[in-house]
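Engineer:
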Amino acid sequence: MYMEAYCVKCKTKHEMQAPRPVFTGQGRPATQGICPVCGTKMFRMGRTPAHEGLDPDEHTVASKARAELAKMPRMVIVESPAKARTVGRFLGRKYRVRASVGHVRDLPSNRMGVDIENDFEPHYIVPAKRKEVVRELKAVVKKSSEVYLATDPDREGEAISWHLLQVLKSAIGPRPVKRVEFHEITQDAIAHAFAHLREIDMQRVEAQQARRILDRLVGYTLSPLLRDKMGRRGLSAGRVQSVAVRLVVEREREIEAFVPVEYWSIEAELAKRPPLPPPLGGERRGEGRSFIAKLHRIRGEKVELHSEADVQVVVAELEQAVYAVAKVKEGQRRRRPAPPFTTSRMQQEASRRLRFTARRTMRFAQQLYEGIDLGDGPVGLIT
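Numbering-wise, the working numbering comes out as the position in the sequence shown, counting from 1, plus 4.
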């Protein structure tokens, strides 16, 4: 349908893109479209053939409903209550920030929950301990104009957003739903995230589902067999767990089979030769700043010393030798800063330097990510 309308932003007439029949709040017919130049909404009053068969009352009610929704605050769903408080402080009163407290749906705990005969279709349920959370979220959704899913920016977070959309669909109704992704909890990061909204990434969701289904297939199938064969309760098998146990066992066997070999190295403290002979009975020492040199080769041959006797023979020869600097290489070397921690590297360093357990390290990291109160409210300190 060709139709021109006046664009208030361009201050001229353009052909309306994507025109559709609408009715005003008073029930008057009009056509709404988009300006092809600036993207602004365009309106033109009057009835067209496209209005035939449409009920003005329905459109008026829908228009009024949209107007009522627009007056409501917007809802943001994050994963943890601590993060909800920090994000809520940044967003202000026009937003209601609530926490899902992790996953709101999962596979049932008392059965497989995966239809192996039907393309491995998962059957999700809302666990009893999450039903109250879902009820509270639905109540807030019904009093909100828009819904923003701001769960963590990884596969698990993407899956949580998708599950939230499924369980809240009846309460969401016509409200727009968008995915928000931020990697640090700061004012700038959150503002940037809300300026770059997106849809739920189903590839991430399906990747998480594949991992979850594999976990269930391996664990639910092998754990009873393992307990039966080993005759011990409490044993379990898992997609990652069983492989990790094997790696630990293989490494332990390598350690037990290792045969230690004695190895010696020789280092010498050297300095520039003095200009005069040493005093009578004195020790001949070099002048200037000394340095440590490590023995690697003798007459081009690599040195391997496996006993103290071997060392003494070489030391006796070295004590009589004269040393000269064969080559001096000068240049500039650029040292890059250490890369940011990965989760595993952070846990390793916290264990090595601070003697923290992995659980304690992750608890502190979560607190730093969600926000620490520095006097003006909580602020996220790590990404």
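Note that the Cβ used here is the ideal one computed from N, Cα and C, for glycine as well.
Using only alpha-carbon positions, find the residue among R51, R179 and M366 that is nearest to K142.
Structural biologist: It is R179 whose Cα lies nearest to the Cα of K142.
Engineer: Output the boundary residues of the beta strand (DSSP E) element that contains K182.
Structural biologist: K182 -> beta strand (DSSP E) spans V181 to R183.
Engineer: Does DSSP classify A163 as helix, strand or coil?
Structural biologist: Three-state DSSP puts A163 in a helix.
Engineer: I need the DSSP call for Y373, collapsed to helix, strand or coil.
Structural biologist: Y373: helix per DSSP, three-state reduction.
Engineer: Spatial neighbours of E271 within its chain, please: C-beta separation below 8 Å, excluding the five flanking residues on both sides.
Structural biologist: Within the same chain, E271 has close Cβ partners I296, A297, K298 and L299.
Engineer: Would I164 and S104 be called neighbours here (beta carbons separated by less than 8 Å)?
Structural biologist: Their beta carbons are under 8 Å apart, which means I164 touches S104 by this criterion.
Engineer: Could you please give the first and the last residue of the uninterrupted alpha helix (DSSP H) stretch that includes T347?
Structural biologist: That run of the alpha helix (DSSP H) goes T347 to L358.
Engineer: Given a cut-off of 8 Å on the beta-carbon distance, is the pair G57 and P33 in contact?
Structural biologist: Not a contact, by the Cβ cut-off of 8 Å.
Engineer: Are the CB atoms of I189 and V91 within a distance shorter than 8 Å?
Structural biologist: Yes, these two residues count as a Cβ contact at 8 Å.
Engineer: By alpha-carbon positions, which one of E353, Q191 and V265 ends up nearest to K87?
Structural biologist: Taking only the C-alpha atoms, the option nearest K87 is Q191.
Engineer: Would you check if the distance between the CB atom of V181 and the CB atom of L169 is smaller than 8 Å?
Structural biologist: Yes.
Engineer: Does the Cβ of P461 have 16 or more other Cβ atoms within 10 Å, making it buried, or fewer, making it exposed?
Structural biologist: With the chain running from 5 to 387 in the structure shown, residue 461 is simply not present.
Engineer: Rounded to whole angstroms, what is the Cα-Cα separation between A197 and E260?
Structural biologist: One C-alpha to the other measures close to 53 Å.
Engineer: Just tell me which of V263, E254, A241 and S311 has its CA closest to the CA of S269.
Structural biologist: That would be S311, whose Cα lies nearest to the Cα of S269.
Engineer: Starting from F47, follow its DSSP beta bridges and name the residues at the other end.
Structural biologist: Bridge partners of F47: Q36.
Engineer: Less than 8 Å between the C-beta atoms of Y152 and R100, yes or no?
Structural biologist: Going by C-beta atoms, Y152 is not nearer than 8 Å to R100.
Engineer: What is the rounded straight-line gap between the Cα of E308 and the Cα of E254?
Structural biologist: Rounded to the nearest angstrom, the two C-alpha atoms are 30 Å apart.
Engineer: Per DSSP, what are the beta-bridge partners of I302 in this structure?
Structural biologist: I302 is bridged to E305.
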